[in-house]
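Our numbering applies: residue -7 is where the sequence shown begins, and numbers increase by one. Don't be surprised by glycine CBs; every beta carbon is placed ideally from N, CA and C. In this text the structure is predicted, and so the values were computed from the model without any measurement.
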Amino acid sequence: MAAAAVLGLVAGLSAAEKEAFRGRILMAGFSNNITIKIEVSDFSTLEEIAALREALDQGEGAFRKVFRKTVKGNLMFYGVEQPSVKFFAAFETPTEKGRAISLFSENRTILSGPGQAYTGLLFLVATLEIDAEGNGEGRLYESAYIQFTPDGRLGLESFRAAPAQIIQVRRAK
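Here it is as structure tokens:
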């Protein structure tokens, strides 16, 4: 019965309308003028995550190939010269005040600088806590490790660099 509820939840999320949020990055050592826009075009399905699990058993290369197949959203920067980032997995979870959105991309060094190069299967993870009006806050994790959760999602396991705060998150037009 619980599996059916999870299947229904994920299936309902996969037909998401495109959403966009704006916010500002707040991180020690950086000006507070880094504005970002996060677009979410779709949420990951149980089938996509099952394919990722299977690919991981075949190695990092196979995992990356399957991971890159579906674009679920984008992260764009204003005020700094950074190319946009594509998210390849996305999940939405209801919360008491609204919802939580988690987005996963290949690891990128954006804020921590070139001296923070790590190797291995690491990710860039953005998390947003959004209320019913589309306002909230979030975090941006560079060099993060992820895990497969029991409910058929990807989750943040740990991270090697302190996350940046995303403040003043608002629904974008």
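Can you tell me whether residue i is buried or exposed, with buried defined as 16 or more other CB within 10 angstroms of its CB?
i, result
"K64", "buried"
"G51", "exposed"
"A136", "buried"
"A81", "buried"
"I158", "buried"
Give me, in chain order, the residues of the same chain whose beta-carbon lies closer than 8 Å to that of residue i; leave out the 5 immediate sequence neighbours on both sides.
i, result
"V(-2)", "Low confidence applies to V(-2): its pLDDT is 42, below 50, so where it sits in the model is not reliable enough to give any reading."
"Y70", "I26, T27, I28, K29"
"F151", "V117, Y133, E134, S135, A136, Y137"
Under the three-state reduction of DSSP, which class applies to residue i: helix, strand or coil?
i, result
"R45", "helix"
"E39", "helix"
"A124", "coil"
"K10", "coil"
"R131", "strand"
Identify, in the order they occur along the chain, each residue of the same chain with its Cβ nearer than 7 Å to the Cβ of residue i, setting aside the five sequence neighbours on each side.
i, result
"V2", "The pLDDT assigned to V2 is 44, lower than 50, so where the model puts this residue is not dependable, and the model offers no usable value."
Of the residues the options, which one's Cα is nearest the Cα of residue i?
i, options, result
"E31", "A47, R91, V77, E40", "V77"
"K61", "R162, L48, L44", "L44"
"R91", "P75, E121, M68", "E121"
Which residues in the same chain have their Cβ closer than 6 Å to the Cβ of residue i, if we skip the five residues on either side of it in sequence?
i, result
"E11", "V32"
"A156", "I17, M19, L103, L132"
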